[in-house]
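So in the working numbering, the last one in the sequence shown is 1453, and the numbering has no gaps at all. Okay, so here's the structure we're looking at.
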Amino acid sequence: MPLLEPKPGALRPRGIRRPAPDRLPGHRSGGTPEPLRTELTELLGPEKVLWKVSDLVRYASDASPYRFVPQVVVIAEDIDDVSAVLSYAHGRQREVVFRAAGTSLNGQAQGEDILVDVRRHWAGIEVLEEGRRARIRPGTTVARANAALARHGRILGPDPASAIACTLGGVVANNASGMTAGTTRNSYRTLSSLTFVLPGGTVVDTADPLADEELSRAEPALCHGLMEIKREIEADPALVARIRAKYEIKNTTGYRLDAYLDGTTPVEILRGLMVGSEGTLGFISEVVFDTLPLDREVCSALLFFPSLPAAAAAVPLFNDAGAVAVELMDGNTLRACVSVAGVPADWADLPRETTALLVEFRAADRAGRDACADRAARVLDGLELVAPAASITNTFTGDPRTVGGYWQARKAFVTAVGGARARGTTLITEDFAVPPARLAEACEALLALQAEHGFDAAVAGHAAHGNLHFLLTFDACDPADIERYGAFMEAFCRLTVERFDGSLKAEHSTGRNMAPFLELEWGPAAAALMWRTKRLVDPDGVLAPRVLLDRDPRAHLRGLKTIPQVEAVADPCIECGFCEPVCPSQDLTTTPRQRIVLRREMMRQQPGSPVLDGLLAAYGYDAVDTCASDSVCKLACPVGIDTGALMKDFRRLRHSPREEAAAALAARRFGAAESAARLAVAAADRIPSRVGDPLLAAVTGAARKVVRPDLVPRWLVELPGAASRRLPTTRRVGAAAVYYPACVNRIFGSPEGRPGPSLPEAVVAVSERAGRPVWIPGDVGGTCCATIWHSKGYEAGTRVMANRIVEAAWGWTSGGLLPLVVDASSCTLGIAREVVPYLTPENRALHAELRVLDSIVWAADELLPRLEIRRTVGSAVLHPTCSMRHLGDEDRLRAVAEACAEEVVVPDDAGCCAFAGDRGMLHPELTASATAREAAEVTARAFDAHLSANRMCEVGMDRATGRSYHSALLELEHATRP
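Listed below in structure tokens is the structure:
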């Protein structure tokens, strides 16, 4: 047993927990049952079959209020895998559900049998015809696709609020639209072609001129049946008129019956039916979109009204004026959004009835924007607006920061309101549409219905298109509360259909919570055609049964998800999945959402549960150890949930007293530890690599077994040599700043094979050239930003070093008179922010007086304007660190790079490298997984320079790409060298 084995049982839940109706039963503790596990493993390979109980539980939740635990999870790599699974399911009478991002709000991404992950290996975009079209794989997020298209001045039509996380496969399968898509820019209208796999395994590419001929040969009965339904519909003028009328407003309830009217051949009909089919008719493996112009000139306003009906009444005025977006947010939404970064604090006190409209006009050029502003001003003149808070201006603006803040608040609707809900309650998101002219009337009716059933919902939505969303919360552990919700849903559906002839699902697709009401909206004849379509395409019912069609009138009340209370930092999580695309461990172990999902299942289990034992056994590595703790999840989460901080706290809980004491001792004697580390690196550097690298790998490997793998780093051949024992000589007199070389740059030297000065020498030299000399204190040795201890959850050690560095910095900077310039971005973040909770009250007051600057910021703001660029390289690729994202310094890295290179590229897939100090040495597999996509982008072409702003991140990228990364300040020194 390792000397410092984690404290057993540290993460086991304590206290009495109330029974949860959705608790996973004990007989499922073994994970995937036999023979299912063995058969799929033999069919696909063990690396593609997830079978542990922890795997099944983490895939059981999505952004919806439902929860179904699959029997097995398959990680499909290609169409052959998908076809193999479908063939297997047919032969064994099993069911298959496809899951990509899991951002669906109605349970579409959940299955009770075989769940197939089609996100991990399914990302990629090919820009065609100078951006006019784009070929996109289904696991690609909307944001990633738009980033590639933006360089060509193009954009996709669908623009859902979840664009940073939702994938194009799900967008098409749900016909998701968003703020501006309406009925003309959605997937159905802008999709050029798609490739899909039918339940029987037939692959169809709708762009292939021979597609119909091949389909008729492979599936003659299907082709005949589709054309038969088409003839029946076209022979019924009343039905044709009804179908056309239903799609005059946004509608995603049921199958797209207008596909039978718009398509002239079986393939064309299937192309339309696949849009919005929610994975019930086939697997969409590739899509080709016709893109739209990206109008970069905007004119936007957030306008406040005294009531919801008053705001709704203004919507047609802005529609007539040409606004591309008119988004509504009621008082509950506005107040909840205070939790979103950048939202004014005084919104918390807005009157309950206050409602806002976010109105935006877009144009290709400034002249067009000015014309939009004139039209907007004329509408404003006739409105009675209110300003119940000092921050409210009720004016139009084109300022990108202000406009971005408006949209950040609007897009955070679901998560912000969900995060503010009562602890332990389940969130329901509803989505309906009425004719835009009747929006005000519908708002009044909705408010009355909510009050009648005891709900105080939050309302927001795409008012320009008559499409509103509202959020309800209830206790899924309380049968009476479930019945209250059920009664409300029955009344709401009848109100929407019978009074407004509206759509029960406008853009979120039918899903499990609206399937029972499909016939209410469409009527028996149209509903029967949808059932026939399903039987025709999927006669064995293999794909996603009960997701879109369900005859059970109470199906929407089955499988409701309880939300047990967990640690306070994670309680606001609504499991939306916005955090997942930025998580470094997303393709290796777990994501932030899954870490919370697993924790919640632990809380559902009773003491002694075998399921709980299985979850705890896997959680240490899958959740705690392989979390990079970079907290980029906090940046992606609209309500700022920091799962990285939670994992660091779990590390703390697992420490034994002996381990905590050893860490505190190391902090107190860090000067000796720093010197020893530098000597060890220097000694290793003197051993020939063919001998030294295997030897050092063996030595560190043995030490990891004796002490603990999560504490002793592995030796990596990419590690640089030792730094000089002596830092550059500087003078305090006349210094413009105090320069603090981070301990990593005091231990490790420059990249191997790169001539020239070390990083400390470069910072000193370039500052001197700019006339802004810096001073390095003589006693920086033995100090640190405390991240070494903080990242591992060593509380005592963190306190020791945090207070030491602040006290030292206070003296060095003469009480904050001079800025403290730090040459590693993670250390800048550590000193500027992360040490604060560990400081004594006296040192917290000192810290408040310090000005801590990253060296990149120092260079961009203070040095560049005073420097002469004498030489540049042709191209540079950047790796912005996650610490720079937290600090908001990414633009400064680009500014420095643009001074040194003719072309500067930030990879679209750039993200956290997960090296995280020494985490990449403790778990190299984490960095390998985290950097795979960025590395593929970087190595696809040649660059003259590979730049970053943190030494260990540079080592991680060296290892990932085989290229040599170095600090942008080294490049700046070279560019300005006389």
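C-beta: ideal position from N, C-alpha, C; glycine also. Note that the structure is predicted; figures quoted are calculated from it, not measured.
So, under 8 Å CB-CB, residue i and residue j are touching, yes? Tell me the CB distance rounded to an integer number of Å.
| i | j | result |
| --- | --- | --- |
| residue 753 | residue 984 | 5 Å |
| residue 1072 | residue 532 | 7 Å |
| residue 1293 | residue 1331 | Contact flag wrong, Cβ pair sits at about 18 Å. |
| residue 1241 | residue 1214 | That pair is no contact at about 11 Å. |
| residue 860 | residue 779 | 6 Å |
| residue 990 | residue 1024 | 6 Å |
| residue 1064 | residue 1054 | The Cβ separation is near 14 Å, so there is no contact. |
| residue 668 | residue 661 | Contact flag wrong, Cβ pair sits at about 16 Å. |
| residue 1455 | residue 1273 | The structure shown has nothing for residue 1455, since the chain only spans 476 to 1453. |
| residue 894 | residue 1049 | 7 Å |
DSSP beta-bridge partners for residue i?
| i | result |
| --- | --- |
| residue 942 | 908 and 937 |
| residue 1376 | 1348 |
| residue 1420 | 1351 |
| residue 835 | 775 and 800 |
| residue 768 | 629 |
| residue 1269 | Answer is none; residue 1269 lacks a bridge partner. |
| residue 668 | 763 |
| residue 642 | 616 |
| residue 1116 | In the DSSP output, where bridge partners are listed per residue, residue 1116 has none listed. |
| residue 574 | 592 |
| residue 1441 | 1422 |
Can the beta-carbon of residue i be found closer than 7 Å to that of residue j?
| i | j | result |
| --- | --- | --- |
| residue 1427 | residue 1392 | yes |
| residue 614 | residue 578 | no |
| residue 1370 | residue 1410 | no |
| residue 569 | residue 584 | no |
| residue 622 | residue 1383 | yes |
| residue 1086 | residue 504 | yes |
| residue 1113 | residue 1405 | no |
| residue 822 | residue 813 | yes |
| residue 1271 | residue 1261 | no |
| residue 988 | residue 725 | no |
Where does residue i sit, in a helix, a strand or coil, going by DSSP?
| i | result |
| --- | --- |
| residue 1381 | coil |
| residue 1179 | In this predicted model, residue 1179 has a pLDDT of only 48, less than 50, meaning its place in the structure is not dependable enough to derive any value. |
| residue 542 | strand |
| residue 1038 | coil |
| residue 1323 | coil |
| residue 549 | strand |
| residue 603 | strand |
| residue 1306 | helix |
| residue 759 | strand |
| residue 1300 | helix |
| residue 1288 | coil |
| residue 971 | helix |
| residue 1451 | helix |
| residue 1200 | coil |
| residue 476 | Caution applies to residue 476, whose pLDDT of 44 falls short of 50 and renders its modelled position unreliable; the value that the coordinates give is listed next. If DSSP states are grouped into helix, strand and coil, residue 476 belongs with coil. |
| residue 1364 | coil |
| residue 1249 | strand |
| residue 715 | helix |
Alpha carbons only, please: which of the options is nearest the one belonging to residue i?
| i | options | result |
| --- | --- | --- |
| residue 594 | 632, 1056, 762 and 638 | 1056 |
| residue 820 | 727, 660 and 865 | 865 |
| residue 811 | 1333, 780 and 890 | 890 |
| residue 1103 | 1394, 630, 961 and 1430 | 1394 |
| residue 1248 | 1258, 1259, 1235 and 1260 | 1235 |
| residue 1007 | 1314, 1415 and 702 | 702 |
| residue 1206 | 1226, 508, 1228 and 1253 | 1253 |
| residue 905 | 619, 582 and 747 | 582 |
| residue 690 | 956, 715, 744 and 599 | 744 |
| residue 1156 | 1108, 1225 and 1211 | 1225 |
| residue 1017 | 974, 566 and 722 | 566 |
| residue 736 | 1300, 718 and 728 | 718 |
| residue 898 | 1328, 1075 and 884 | 1075 |
| residue 1220 | 1210, 1208, 1200 and 1204 | 1200 |
Below 6 Å, is the gap between the Cβ of residue i and the nearest heavy atom of the ligand PLP?
| i | result |
| --- | --- |
| residue 700 | The ligand PLP is not among the ligands present in this structure, which contains no ligands whatsoever. |
Is there at least one Cβ from chain D nearer than 7 Å to residue i's Cβ?
| i | result |
| --- | --- |
| residue 580 | Going by chain labels, chain D is absent from the structure shown, which holds only one protein chain. |
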